[in-house]
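Asks: The structure under discussion is supplied below as structure tokens; questions concerning it will follow.
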Amino acid sequence: MSTAVYTSSSPETLGAYIEGLTEPAWLTGIRRDALERFSSLPWPSARDEEFRRTDLSSFDFESWGFSRGEGSPAPEGAAPAAGSAPGEIAFEGASLAGRYLDPELAGKGCLLLSFDEIAAGALPEKVARSVAAALRKGLDRADNRLALWHYVTMTHGAVLYVPPFLELQEPFRVTFNETASGGAQGASEIMRAPQVVVIADEGARFSLLHQSDTDVSGEILFNEGIILDLARGSKVDYFLFQDVNIDSSFFSNSYASVGSDATLRVYSAVFGGLLSKYRMEGEMAGPGGDAFFGGIYFPYQDQHVDLRTVQDHRAPKAHSLALYKGAVADEARSVFQGLIKVDHDALDTDAYLTNNNLVLGDEAEADSIPMLEINTDQVRCSHGSTTGKLDARQLFYLETRGYTPKESRRILIEGFFAEVSASFPREARERIEAIVDSRIPVEDESNGAMA
1 MSTAVYTSSS PETLGAYIEG LTEPAWLTGI RRDALERFSS LPWPSARDEE FRRTDLSSFD
61 FESWGFSRGE GSPAPEGAAP AAGSAPGEIA FEGASLAGRY LDPELAGKGC LLLSFDEIAA
121 GALPEKVARS VAAALRKGLD RADNRLALWH YVTMTHGAVL YVPPFLELQE PFRVTFNETA
181 SGGAQGASEI MRAPQVVVIA DEGARFSLLH QSDTDVSGEI LFNEGIILDL ARGSKVDYFL
241 FQDVNIDSSF FSNSYASVGS DATLRVYSAV FGGLLSKYRM EGEMAGPGGD AFFGGIYFPY
301 QDQHVDLRTV QDHRAPKAHS LALYKGAVAD EARSVFQGLI KVDHDALDTD AYLTNNNLVL
361 GDEAEADSIP MLEINTDQVR CSHGSTTGKL DARQLFYLET RGYTPKESRR ILIEGFFAEV
421 SASFPREARE RIEAIVDSRI PVEDESNGAM A
């Protein structure tokens with residue numbers, strides 16, 4: 001099957017796209033419901049509180065075309081070296097480039113599949129019901145046209161299912177890489193809408209490294225979706241690394257449901273794109289659930305990064321912590337909006353929200369808006385925010401020990417990020433360190449330090 005190209009994202013084109021797909025009825029139903037809501041809403045604007053500090057007025061979203069993958073059989077990759085990933089799936093553009101799953105894990109019921117394979121009926125009925133329910137939860141949370149656009153299109157993606165009580169040490173890997181410019185796809189402007197769904201059954205314990213990159217220049221619009229569904233007693237570490245080219249824009253909506261006594265750790269590193277807009281929403285759905293949402297970001301030049309977290313406590317006796325740390329250089333701007341929301345029934349909630357920012361130049365800007373919405377008593381909730389410059393005394397101390405001004409700044413900035421970055425797998429951690437080092441201002445700006 002050749003790649004199908006749709007040269008706009010008007011409601012009419014999107015409707016034709018859905019009707020032309022061959023896939024399970026439950027997946028088509030999700031797309032149709034998303035399109036119905038999509039068609040009734042305007043695109044986000046500065047009138048919407050979440051987008052008030054991120055100007056989208058220059059985007060003509062309906063002019064963006066998109067394409068589906070080729071739908072060819074999954075190319076099975078060679079088995080990774082011993083001690084490496086238990087499973088990997090990679091995409092080039094919207095097409096599946098390779099997939100590997102340890103045969104022993106497959107024999108135990110573990111699944112790692114592309115959306116094309118799901119369209120061909122590869123999901124067992126029980127797992128299909130779980131995936132459909134998880135996507136429905138995400139769709140229910142989609143409250144703006146951009147997020148609904150994603151659920152209509154979902155151009156490609158992966159589903160990972162880990163069966164009960166299976167424990168793995170090395171991370172699974174999901175990689176999205178753009179290798180062709182938009183014009184090569186038959187449309188002047190190309191949009192990708194990758195979707196990742198992770199289902200952790202009862203007592204399963206594992207991790208996943210999710211990477212998004214580009215090997216080409218030119219503007220691409222990414223409209224990503226991530227769904228994490230954790231059953232009772234499961235534990236998932238999810239590492240998200242994004243470094244697409246500076247010409248592109250990246251929108252991401254993530255939703256996690258944390259069940260009773262389940263543990264979720266999400267670590268995000270956001271570096272790429274001229275404009276990036278992220279939303280991470282975690283629902284504490286069962287008693288005893290525990291979640292950590294950590295993120296680092298370092299916009300430079302004239303990049304704009306906007307991150308929003310929602311710690312949504314629906315069940316009693318759950319704990320959550322959000323910790324986001326950013327540095328801003330040159331003429332870049334960062335926006336962080338964090339919300340702890342506690343439902344009437346969520347007694348004994350324990351939730352914390354922290355955002356720390358370093359401003360490394362006179363033209364750089366960092367906005368921080370932490371918020372609480374508490375609808376019951378007998379809770380422990382707090383939030384905090386700091387924005388400042390590097391400490392001149394610490395810089396002076398390092399320079400008296402023989403470090404250059406740039407080395408001194410690098411040591412302090414890497415130490416600032418380490419509370420989150422140190423948890424990443426080594427391959428991602430090394431990339432983070434290299435990117436941070438490349439963005440530290442070369443000149444010894446007096447405005448980059450705090451006396």
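Under the numbering used here, the first residue of the sequence shown carries the number 1, and numbering increases by one thereafter. Glycine included, C-beta positions come from ideal geometry on N, C-alpha and C.
1) Check whether the Cβ atoms of Gly107 and Phe165 lie closer than 8 Å to each other.
2) Closest to Leu228 by CA distance: which of Arg439, Lys137 and Arg32 is it?
3) Which of the three DSSP states, helix, strand or coil, is assigned to Val216?
4) Decide if Lys126 is buried, meaning its Cβ has at least 16 other Cβ atoms within 10 Å, or exposed.
5) Could you spell out where the alpha helix (DSSP H) holding Ser438 opens and where it closes?
6) What separation, rounded to the nearest whole angstrom, lies between the Cα atoms of Ala422 and Ala327?
7) Could you work out which residue in Val5, Phe298 and Leu398 is closest to Gly65 when comparing CA atoms only?
8) Below 8 Å on the Cβ atoms is my contact criterion, and I expect Met453 with Val258 to pass it. Report the Cβ-Cβ distance as a whole number of Å.
9) Tell me where the beta strand (DSSP E) around Lys235 begins and ends.
10) Rounded to whole angstroms, what's the CA-CA distance from Val436 to Glu407? Just pull it up for me.
11) Of the residues Trp43, Gly272, Ala329 and Asn355, which one's Cα is nearest the Cα of Pro338?
12) Can you give me the start and stop residues for the alpha helix (DSSP H) that Ser8 sits inside?
13) In whole angstroms, what is the alpha-carbon distance linking Asp140 and Glu36?
14) Using a threshold of 8 Å, state whether the C-beta atoms of Asp367 and Val342 are closer than that.
15) State yes or no: is the C-beta of Lys235 within less than 8 Å of the C-beta of Phe251?
16) Quick one: what's Val162 bridged to in DSSP?
17) Within 10 angstroms of its Cβ, does Glu88 collect 16 or more other Cβ (buried), or is it exposed?
18) What number of angstroms, rounded off, separates the C-alpha of Phe396 from the C-alpha of Phe298?
19) Does the beta-carbon of Asn375 have 16 or more other beta-carbons within 10 angstroms, so that it is buried, or is it exposed?
20) With Leu101 and Cys110 assumed to form a contact (beta carbons below 8 Å), what rounded beta-carbon distance in angstroms separates them?
21) Could you check how far apart the C-beta atoms of His383 and Ile340 are, in whole angstroms? I think they sit under 8 Å.
22) Within the same chain, show all residues whose beta-carbon is closer than 6 Å to that of Val266, passing over the 5 residues directly before and after it, in chain order.
23) Please classify Pro194 as buried or exposed, where buried requires at least 16 neighbouring CB atoms within 10 angstroms.
24) Going by the beta-carbon positions, is the gap between Phe172 and Ser212 smaller than 8 Å?
25) Alpha carbon to alpha carbon, what distance is there between His304 and Glu219?
26) Can you find the residues in the same chain that come closer than 8 Å, C-beta to C-beta, to Val442, ignoring five residues on each side of it along the sequence?
27) Are Ser119 and Leu113 touching if we call contact CB-CB under 8 Å?
Replies: According to the structure data:
1) The answer is no: Cβ separation not under 8 Å.
2) Nearest of Arg439, Lys137 and Arg32 to Leu228, Cα basis: Lys137.
3) Note: Val216 maps to coil in three-state DSSP.
4) By the C-beta density criterion, Lys126 is exposed, having fewer than 16 other C-beta atoms within 10 angstroms.
5) Note, Ser438: alpha helix (DSSP H), Arg426 to Arg439.
6) If I take the Cα positions, the gap works out to 16 Å.
7) It is Val5 whose Cα lies nearest to the Cα of Gly65.
8) Since the first and last residues shown for the chain are 1 and 451, residue 453 lies out of range.
9) From DSSP, the beta strand (DSSP E) with Lys235 extends over Lys235 to Asp243.
10) CA-CA distance, Val436 to Glu407, rounds to 12 Å.
11) The sequence as given places Gly at residue 338; Pro does not occur at that position. A check of alpha carbon separations from Gly338 across Trp43, Gly272, Ala329 and Asn355 identifies Asn355 as the nearest.
12) Segment: none, Ser8 is in no alpha helix (DSSP H) and carries neither H nor E.
13) Distance between the alpha carbons of Asp140 and Glu36 is about 13 Å.
14) Cβ distance not < 8 Å, so Asp367 and Val342 don't count as in contact.
15) Judged by beta-carbon spacing, Phe251 lies beyond the 8 Å limit of Lys235, meaning their Cβ atoms are not closer than that value.
16) Answer is Ala200.
17) Its Cβ being crowded by 16 or more others within 10 Å, Glu88 is buried.
18) Approximately 23 Å between the Cα atoms of the pair.
19) Asn375 comes out exposed.
20) Right, the Cβ-Cβ distance comes to about 7 Å (below 8 Å), so this counts as a contact.
21) 7 Å between Cβ atoms; contact.
22) So the list reads Tyr238 and Phe293, once near-sequence residues are dropped.
23) Burial check for Pro194: the Cβ neighbour count within 10 Å reaches 16 or more, so the residue is buried.
24) Ser212 sits away from Phe172, with the two beta carbons spaced by 8 Å or more.
25) Using only the alpha carbons, I get a separation of about 15 Å.
26) If we look at Val442 and ignore the five residues flanking it on each side, its Cβ neighbours are Lys406.
27) A small correction: the amino acid at residue 119 is Ala; Ser does not occupy that position in the sequence shown. Taking a C-beta distance under 8 Å as the contact criterion, Ala119 and Leu113 do not qualify as a contact pair.
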